[in-house]
Structure formats: structure tokens, C-alpha cells
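These protein sequence lines map, in sequence, to chains A and B. So the first sequence is numbered by the numbering used here: it starts at 2 and just counts up by one. So the second sequence is numbered by the numbering used here: it starts at 2 and just counts up by one. Everything below concerns the one structure shown next.
There are 2 protein chains.
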Amino acid sequence: MSQDNDRIDLGSAETELQVNTIRTLAMDAVEKANSGHPGLPMGAADMAHVLWSRHLRFDPSNPAWPDRDRFVLSAGHGCMLQYALLHLSGYDVSLDDLKQFRQWGSKTPGHPEYGHTPGVETTTGPLGQGFGNAVGMAIAEAMLAARFNHGSSTIVEHWTYVIASDGDMMEGVASEAASLAGHLQLGRLIVLYDDNHITIDGNTNLAFSEDVGARFEAYGWHVQHVNGHDRPAIDVALTAARAATGRPSLIVARTHIGFGAPHKQDSEEAHGAPLGAEEVKAAKKAYGWPEDAQFHVPDSVYAFWRGVAAGGRKLRTDWDERFAAWRSANPDGARQWDISHATDLAAGWSKGAPAFPPDVKGMATRAASGKMIQWLAEAVPHLVGGSADLAPSNKTMIDKAATVGPMAFAGRNFHFGVREHAMGAALSGMSLHGGFRPYGGTFLIFSDYMRPTVRLACIMKRPVVYVWTHDSFYLGEDGPTHQPVEHLMALRAIPGFTIIRPCDANETREAWIAALEHAGPVGLVLTRQNLPTLDRTVYGPAEGLRKGGYILACELRVDDLELILIATGSEVALAVEAHKTLEAEGRSVRVVSLPSWELFEAQDAAWKESVLPAKVTRRLAVEAGRSFGWERHVGTAGRVIGLDHYGASAPDKVLAEHFGFTTANVLEVAREMLGAR
Amino acid sequence: MSQDNDRIDLGSAETELQVNTIRTLAMDAVEKANSGHPGLPMGAADMAHVLWSRHLRFDPSNPAWPDRDRFVLSAGHGCMLQYALLHLSGYDVSLDDLKQFRQWGSKTPGHPEYGHTPGVETTTGPLGQGFGNAVGMAIAEAMLAARFNHGSSTIVEHWTYVIASDGDMMEGVASEAASLAGHLQLGRLIVLYDDNHITIDGNTNLAFSEDVGARFEAYGWHVQHVNGHDRPAIDVALTAARAATGRPSLIVARTHIGFGAPHKQDSEEAHGAPLGAEEVKAAKKAYGWPEDAQFHVPDSVYAFWRGVAAGGRKLRTDWDERFAAWRSANPDGARQWDISHATDLAAGWSKGAPAFPPDVKGMATRAASGKMIQWLAEAVPHLVGGSADLAPSNKTMIDKAATVGPMAFAGRNFHFGVREHAMGAALSGMSLHGGFRPYGGTFLIFSDYMRPTVRLACIMKRPVVYVWTHDSFYLGEDGPTHQPVEHLMALRAIPGFTIIRPCDANETREAWIAALEHAGPVGLVLTRQNLPTLDRTVYGPAEGLRKGGYILACELRVDDLELILIATGSEVALAVEAHKTLEAEGRSVRVVSLPSWELFEAQDAAWKESVLPAKVTRRLAVEAGRSFGWERHVGTAGRVIGLDHYGASAPDKVLAEHFGFTTANVLEVAREMLGAR
């Protein structure tokens, strides 16, 4: 934001030129790619111009400046709007990059991709997700401010701005996130709603006739209505939105999709396809633009944005000075800041984590996770998290920390409400913002509600931890609607996702350590019911979990391995019991604990062969979920005790009998395989 | 609903006794099961009593009466409320059944299950889903009314009532569904919101401080606020809600969870656990109930509900008469009614379905699906459907039919808006209601947004068809956020779900036929891009699809099958091309088209062995999705050309080269396997 921008006449011909540069770049890039969405950039160019030139605080020479304002284009299909602005304002996005829109390896893919294009704060496209991420970013800002702004030293003081579309407003995840943002009174979250009345099917009134502004008022938002092409009015509205502290702001900006295209403005034809050469020319003519010029940027427009960027750089260097002074004055704070903004935890950070003594009764892995969280709360001061209204069940509360609430951001515990999807999106947003290691809990069954946002976290490689408890039919009486069956496999199918299902309290400790040392999203899959804590002087060390799979119980005769029992989580205890009996019968059987397929997959071939030797094809897997997929580890000669149908409502021990999850059944199948009945 | 009920004094001691019977039955059942949710039944008993005794039209002796009012307990955890009412009013739910609450095989599982307990209209528990189903039921009612109410003959004229909780209100799927219901002006949908201010984490104000009533007004709903324990006020509100035609109604009923429990009322402790023997006694004392009596139902209470049931039976027999008269007067309508309410389609119904001539250029399977839908629209008059704002892309529109819109229900095409989750829930609701075969489309990537509701459709075995197009990276420029990778496997993992991914236009025809003849949910997975239409005089007949997998191209030498190429959907063409080349080289290779793993799995062993002989272990699968899971069909000796990472933004042919989906790559791997490079 240029410091001199207040003197710019937003209604001037020069401003018109600047806005039309955005529009024509978008049209030209879509046309050249023969693919893309020209309508939104054309319609939203006015408000985006005002936002970027007069409000958004950013420094293209330092896209990682911690106190920059965040800009989220939730309507990611309109990404040429963002790419044009990134180019014009001086980010490392060239005119050639714009010409490579939507081509292999280019900086300008079909939807904005975090980590790929400088200045892109989150990957968007699936509607509603960017909105949810932005809520998480605004939460993180408020929490950092509560931690690090000492007295008059305000080193954290930025806004999160969103441009959202009709589609974003219709998605449930955005509704959930908006309700949460209103509850938390996130005054530094400002959403520009590009209300263009057009979706892919046609006019929004085909399906969408609610009063969006009134809905957001019901959520507790500050709501304004403006003509989305009246730049001075947008400017006033943005200023008012920033002044409305204590409430997130929605600016309902009535715009015209494909603004200026004589035949396609206000039509769904402008939404998701090139306008066509003739219509592009006609639109340029309407703008007073050279009709045949392509990717044309007037020098004065570059000059203008150089001025904006210079203003932003000045803001950043001023901040650098304030930050340096703050660091000197607050060495403890500076140390905390560094810890919380580092990618990795300090070497040896996990020393002293709780060890759980052997115990036949044991404890639920959710309970072990809860104890581990208490220890982690000390060791990882920027670990924060919560649950989607299942805190007592998920054991996600940090005992010694306060709760985050309206205008109260010094705490570490979240009540996300019954909003799993928004929780997931907010966790990603907090992680994207920086300064925190967030986690969030719900029942494993409700991972389905979060799936779109989990996938995006995986695409973005965000180190978020999902605490998913009640991980099988063993939850008992709540019945089939609450008993996961397919979820483990369905989550394992997501590329880049790491699932860990520990078998006892000590593996749960290792699972948390592995999760926090991992560079991407991790799902912890935990039991409701107690599991015995294994005696690690008898069985393989729990640290084996870090390799995904390891030998838990050795075979009787090293040179005669007859059968491998493979299990995860709660079924490991069954395998261990079966192993004892088989060993007593003189059978040479190994038990492998395989808590994380993905961590195991990442090991070298020697480790994998040492755990699961290729020549041993008699393998029996036991897992309280679908058998589908286990062929990878048991092969065609192997067998699986799994669950390939829905559960039922009854006490867990009754279900275990009916579903074959008993030591007796494991023994029966093992003996069949050993030919020793 | 008793005809005499208008004379009942809702404030009388007798009514109090009736309500407290519901409460004590719920407390006792939860206590006996040592598991469950007593708080909601105790808090919502007053409004449920008024609803069931004075408004809901039902006949316990005929739970399938088509014109019955639908009752949905969206807050399914409160199911003892519903079970108590089902028992008292005379459904086939005995006092012994209540005593078996949450036990193996009982009629009273931990959450209400459709098809398991008479009078339960949908399976609920995962919050927000029942609300969405109810919107679908109300849509179906309105659509049936538009079709079958001729002049003064109103044979379809019922309401859909919902009891929903705070949790339902927080879930995005309910927000989406409420917006859709408001848009469609569903006047016969009435929701009682059990506003008890308590969730599992504690007071709702920990996470939820929006004005729910104002939000629903913004959606276009009629909204009222009542004291949820003031039965006359509830009665008045329900009457007003029914009078507010042209708008769905929300009644915000302020209640007290665990009403009457002296220490746990208004506390989260009343939500999800037994109250404990002492608290149960104390509550009974507060009600003036015999403290030690369990499962006690005063005779007068049974007598009261017998009266209610008799009134309902009278309404039903009156309807039977009207319906019989209507049938006589409207033989065409009666025929349509029978067709649309039959479980199965008439024998031979699919004769005359379009055949697509061989064509090298071919067409996208989404386009073939679109053509098929036009034919089906004639053959299956109760087929209705739409898309979540992707109709032009999904090709889901019935050309010759009108669109369903506000107060306009004679059409067959839906615009669900950008609300995939609500679409899924509404489709299930329409199917549950009866009278329609619904389908709904979106991009395959967005099946993730629908997953919770798809799972419930599978649990309930509802014959819903999902039309999921743009099924792989071949969608091209939209990039990784829009390119499915893991979705096929993740959907195959859902028990009871049938996924079909046809390889060309004729398989698409067969896929639709198979889908409509199937007794459960089916997902059609279709391409954006053109696929060649195979010459079925050369290759195996497309009807093979009905068996899930079949031989498409035979091997050169019957007694020397060297390699099996297995593919689905768009990759079948690659296998066919590779087969040609290998055959020319003298290799004896078979191509198997495997469009549906589930249909194939359901075949007898002989068919499976004939298609994939066990002794042939050289198998190469080709599918543009995760290789994970394919081990089931290719075994340990086989290989898979799959995609185990995210896609990218570029033209599809460029991506195909980079990702190895070329005939050349298939040939290379095949030759490696054949040892013939």
C-alpha cells in the first residue's frame, strides 16, 4: 500500500487504465491458454485494484514478511486476477509467466497453488475452502498478537482479506467458518463478496435466493453493500470494514461478471471459458484499449504499481526496524517467536516424553494421546488445538491453558463447535499463516466431513495433526453411523497423507513425536477403548513406530519363519496374544506392528525386507476395517481378518465376538494357514 | 393425530404424565444400557408430545402409508425420544425392545436406523444429515403433489417434520440444505430446533453465538421463537407454521436439556451418558413419578396414545378411500403412481436404449450419459435429477423437462446450487420418501464434499445415482485441486457402494441400466474427454459391464495366455491399442474391461475365473488413479500403471505424456513383463 495513495483519484482515467490492464491481461491469458475463467477477473478488477493499491499491505520483494496482510482468492478459478496483480505489483511473476497460463510447469496454474507461485497464500479452487483458510489465518494473527504485542510494541497487526464468490457463499464449509469467525469476533478478517449473480448453471436465482448480507449479520458480522464497480465506494467500505474492530466484515459488492464484454457480460458464458477472439476485441474496444494488443501493459501502469510496491516495501522496512527493537527489548519473546516460526523443532526436543509402564489393563490410545498433549504443551509452546465439540472424548484439551474465545486469543484450546469441515480449513489456515503447530480432533467417522480440506492440506504439505478417536466398531453402542469401517483405507488413499494408528500408549507417544517431526499432514487414529500397554522389555521398542512398521514379537526359530501376523492399533494385542499361544505350540511366528503404511513405505528396501521378508508369503493381517487394500502387505497367498460390512449397535465385546476380532479367531485362521489344525 | 385432540388440555396433569412417561422411558433405557443420550429426550419431550399427538399424521398399523407425515429426528443421538413415542403410539416396538436399547440385534439401536425399526424414516446420527434428508423428503412431497393432485383430488398432502439440535444447526450440510429449502419455498417443511444451549463441550456459547433464527429468516424461512416446555405455545407455533404456506418453518424452541434432573439439567453431563441411578430417582421424584419404577407406563398413557393412533388410522383409511376413488377416476395417473412407487422397473424396460456406432473419435462418457439420460427420461418417468451447479459440464439436464424451482414442482431438473453435500442428502431424502429415482451430478473431485451422505445412502441401501464427471487428470488445465487421484479407491472402500467407470459410450449405456436396476447407491464415474467408441463386432459386447468385468479383447492363443491387461474407463482405449501392437508382434495378450469392481465381485467364481484365470499371474492394470488397492486384481506378480501423486495444470495430452498414460508406456511395461524388450 503506497503511503501516497490517498491522493490517487480512484475515478480517474489513469485508474481506469490500471483496472483495465488487469482485465485485459486476464482475457488474453485465458484466450492464449484456450482455457480458464475470464469473467471473475473482469468483474472483480475494480475492487481488487482498490484493495491492492490502497489497503493491502504487502512487499513483493519479501513475500514472507510475517506482518504482511494476507490475501486469499477463495474463488480460485478467477486466479488470473491474482496473477495479473502479482505481476503488476512486482512479485516474481513475469509477463512470460502470464503467457504460460495453465501450461505444464508454469508459475500460473489453473488455480492458485501455495508454495508454487510467490504471493499465493493458500491453494484454492474447491469452493469455500479459501474462506475457511482465511478464518484460520485471522485466528492465527489474533493469537500471535495476543502473545507478542507487548505494551506499545505492535509487531503483529495485519489483516486477512478475501475475495469470495457466490459459490463460496453456498458451500457449507464457508457457512461453518463464517459462524465461527463471527463467534470469535475476528475484527481483522474482511471479505469482499463478488456478488455477480452468475454461476455455471446461469443466474444465481436458479438456486440461490437467500439474503447473504442478512445471514452474515446473523453470524455477528459487520455487513456493507456497495456497487462493486464504484471504486471510491469500495474504498470507503474497506476503510469502514477496518474500523469495525471486534467484528469480521463482509462487503457485498454487486459486480458484473465479464465486465465490459458486450455480448457476454452478466452471462454464464463469461464464467469458465475463453471469450473468443471477437468478444475480446469488442471488450477491449469498450475499454478504449488497443484492440489488437495482447498482454499489453502501459508504462504508466507499471509505474503506478512500482509506487504501490515501494510503499509496501517502506512499510516492511519500518516493521523490520520495529521488530529488531522489539527483539532487543524482549529477548524471551524473541526466543519464543523464533521457536514458533521455525520449520523444525529443536534437535532432541522429544527427550523426556512420557514413558508408559507395562500394564495389562492399559489405557485407550486417545487417553495416552491426551497425556502426551499435556507433555507436548510444555515442549512445543506453539502447539495449539482443539476439537469439533468432542473435547472430552478426543482428549484434546491442554489442561494448563486457557480457551480461545471472542476477543480472547491468549489461550491454546479451541472449541470449534460441531463444524468439522471449518475446523479442518481453519487448521490449514493457521498453519499457512505461521507461528503455530495446530491440531484438531473429532471422531474418525467424521473425517469424512473434513475430507476436502484434508486433501488440500496434503497438496500444500501443511504440518497439521488430526486427532481422530473412536477409530473402529469398538466404540460400541453408538452403532454403524459412528463406527468407521472404510475410513483407514480411504484416508491412506490420499497422496501425501500420513496415517498413524498406534497400538498402545508408548506407540501413541511415538506417533505424536513422528507427527510433529513430519513435514506434512498427519492423521492420528486412536481408540476409544483401553488397550494393554505392552512390556517393551519383552516386545520390540515402541520407537519402531517411527519407521512405520517393525518387528514386535520375534519368531521362535530365526531360520524358519512360518507365518507373519501383521496388525495395527487395537488389533496388535490380538496378534500378540495369538503369538503367545502359537509359540507355546512350537510354531515360529512373527508379529509385525504396522502403525503407519506411509512411514513404512518411506523406509529403504533393507528395512522393509527385514520386517516383511519377501520369501515369507504366509501372512495374516488383522485390522478392524476393510480388508480391501491389505493385499499390498499380505499378497495373494495371505489372508486378512477385517471388516467388510457396516458395524452394529451393541457393547464392543459383543461386536468383537460377532465380527471375529478375538484371539480365538486369529488363532483359528493362523492355524488354518499353518496347516496345523 | 386424534381427531378429538383439540379438546385435550395441554397443560393438564394427564398431559404432564404422558410427557413424563417419554422422559422416564428414555432415562430408564439409557440407564439399563449404561450408554446413550438421556438429555435430549428429556428436554424435547414436551414439543415431541405436542407434535406427535396433535399434528403429525401417522398410522402405526401402516408405517408405509404413502401420505403419512414424515418425522425426522435429525439429532439421532436422542433416539430414545423416538423409540418411546413409537412404542407408546403402537408401532411394532415393544417395551421389551426398549429394554434392549443399544443391544445386539435389538430394534432399538444407538441411533435410529431406517429399514430396521418401523416408523424410522431415515438413519440419523451424523449431525446435519437428517435435516438434509428432510429437505429432500419435502421436495419429493411437493413434486408428487404437482404430479398427482388432480383438481380437488389431493392424495398427496403431507408435512415433513424435523427435530434438530444445536449440532445440526452448526453443520454446513444443514446450512446448505436450509438455503435450498428457503429458495424452493418448501412450505410443508417444519423444523423444531431444540435450542438447549448445551453441546458436548459445554454451553453452546463456547463456540456458537450466532442468531439462528435471523439466519433462517435470511434463507427465506418463517421463524418463530417459543418456550420449548410451554406446550400450548408449541401447539400454536406448529399451527402457525403449517399456515405459513410458501415458506419452510423454523420453530426455535428454548428447552432445558435433561429437564427435571435436579443436578444435571442444563449441563453437558446430561447429554451423552446415563444420569446415574441416584439422579434418575431424583428426576422421577421431581416429576412426581414412582421413584423405583422402571419402564413404567401408566395405563392412562397407553389409552391416550391408543386414541391418537386411532385418529391416525382413521385419517389413513379416509385417505385409502380417497385414493381408491382417485385411482378409478385417473387410470393414467394410477399407472404412473404404480410405476413410480414400484421397487423395480418393469421387465424389459431397457429395450431400445441407444446403441452408439463405432467411432474412433468417439465421445466423452459424460456426453454418452447425457444422451442416455434423454432416453431414460422417457423410459423411467420418475427419474429426476440435477447437478450442483455443473449441469452443462455434467450433462445432467433432461432436455424436454422443466426445472424445479420456487413453488414450481412439476419439473424434473434440479439446480442444487454449489451445494454438493446438501444435494447428496436431498437425493437420499427423495429416495426415502418414495415416488422418484433421483440422480445428482458434480465433478468426481467433489464427491469428497458428499462423502458423509453417500455413506449413509449406502447404509440405507437407497437407489440413488451419483453422476460424477471429470474423473481424472484428463480434465487438464484446472489442475491438481480438480483432478481426482485417490477418489476411485476411496469410494470403492465404502461398503455397499457400487462404482462404475465405463470405457466408452456403449458401456455408459450399460452403466446407467445397471445403476437403475441396482438396489443400492451407484456412482457413475465419467470422463470429460472424448473416448473412442469401440467396435463391438471386434471386441466383447458392452453388456459385459453388467458383470462388472469381462473379456474385451481375446488372446491370440487360447491355451497360451501370456499377459492380461486390465483397465477401466478412459484407460481401456490404451489397453486396446497396446493389445493390437502386441498381437501383431505375436504375443498372446487379453484385455479385460473392469468397469465395476463391486459388480464383478458379486459374480460367481466361474465367471471371475473365466475373466481373470488364477494361473495367469502376469497382469498389468492401467487406471488414472492410485495404484493402491489394485493388488487385489493384479496380485504380487502384477504391475499397475497408476497415478500416486497429485496432478498438474496443463492440457490433458501433455499430462498423459508426463504421467505415463500413453500406449507407448503401456507397451513398454507390458514388454518388460513379457521379457521381450
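C-beta: ideal position from N, C-alpha, C; glycine also.
Quick one: what's got a C-beta closer than 6 angstroms to residue i's C-beta in the same chain, skipping five residues either side?
i                 : result
arginine 232(B)   : Leu11, Asp47, Val51
valine 224(B)     : Gly214, Phe217, Glu218, Leu251
glycine 477(B)    : Pro652, Asp653
alanine 147(A)    : Phe410, Ala411
leucine 128(A)    : Gly168, Asp169, Glu172
tryptophan 306(B) : Leu89, Ser90
So is residue i in contact with chain A if we call contact Cβ pairs under 8 angstroms?
i                    : result
phenylalanine 474(B) : no
tyrosine 194(B)      : no
phenylalanine 660(B) : no
valine 419(B)        : yes
glutamate 669(B)     : no
isoleucine 495(B)    : yes
Which residues in the same chain have their Cβ closer than 7 angstroms to the Cβ of residue i, if we skip the five residues on either side of it in sequence?
i                 : result
proline 439(B)    : Val385, Gly386, Leu428, Met431, Ser432, Val465
aspartate 68(B)   : Ile156, Val157, Glu158, His159, Trp320
isoleucine 201(B) : Glu269, His272, Gly273
tryptophan 290(A) : Asn21, Thr25
alanine 27(A)     : Pro39, Pro42, Met43, Met81, Leu82, Ala85
I want to see whether chain B comes within less than 8 angstroms of residue i, judged by CB atoms only; does it?
i                 : result
histidine 50(A)   : no
aspartate 98(A)   : no
isoleucine 514(A) : no
aspartate 536(A)  : no
aspartate 29(A)   : no
glutamine 104(A)  : yes
glutamate 122(A)  : no
methionine 461(A) : no
threonine 637(A)  : yes
serine 180(A)     : yes
Please state whether the Cβ-Cβ distance between residue i and residue j is less than 8 angstroms.
i                : j                 : result
leucine 193(A)   : proline 249(A)    : no
alanine 475(B)   : aspartate 267(B)  : One point to set straight first is that residue 475(B) is tyrosine, not alanine, in the sequence displayed. No, the pair does not count as a contact, with Cβ atoms beyond the cut-off.
histidine 422(A) : alanine 208(B)    : no
leucine 187(A)   : histidine 56(A)   : no
leucine 564(A)   : arginine 510(A)   : no
serine 394(A)    : alanine 625(A)    : no
valine 253(A)    : histidine 230(A)  : no
alanine 506(B)   : methionine 364(B) : yes
alanine 262(B)   : leucine 276(B)    : yes
glycine 126(B)   : histidine 483(A)  : yes
valine 405(A)    : methionine 144(A) : yes
Cutting at 8 angstroms between CB atoms, please list the residues of its own chain near residue i, excluding the five before and the five after it.
i              : result
proline 596(B) : Ile501, Arg502, Pro503, Cys504, Glu508, Ala512, Leu546, Gly549, Gly550, Thr569, Gly570
leucine 668(B) : Ala579, Thr582, Leu583
Out of the options, which one is the CA nearest neighbour of residue i?
i                : options                                   : result
glycine 497(A)   : Ala543(A), Arg510(A), Asn63(A), Met461(A) : Met461(A)
arginine 672(B)  : Ala657(B), Met28(B), Gly406(B), Arg640(B) : Arg640(B)
arginine 413(B)  : Pro407(B), Ala402(B), Gly406(B)           : Ala402(B)
glutamine 101(B) : Thr118(B), Met424(B), Gly91(B)            : Thr118(B)
serine 75(B)     : Ala178(B), Lys108(B), Gly661(B)           : Ala178(B)
Would you say the beta carbon of residue i is closer than 7 angstroms to some non-hydrogen atom of the ligand GTP?
i              : result
leucine 644(A) : Annotation note on the ligand GTP: not contained in the displayed structure, which lists no ligands.
Could you give the uninterrupted runs of the beta strand (DSSP E) lying entirely in the segment 351 to 415 of chain B, keeping only those of 3 residues or more? 360 to 365, 384 to 388
Can you list the beta strand (DSSP E) stretches of 3 or more residues lying completely in the segment 446 to 521 of chain A, in chain order? 466 to 470, 499 to 501
If we require 4 or more residues per run, which alpha helix (DSSP H) segments fall completely within the segment 253 to 305 of chain B? 278 to 288
What runs of the alpha helix (DSSP H), each 4 residues or longer, lie entirely inside the segment 601 to 662 of chain B? 606 to 612, 632 to 635, 653 to 660
Pick out the complete alpha helix (DSSP H) segments inside the segment 521 to 594 of chain B, 4 residues or longer, and give them in chain order. 573 to 585
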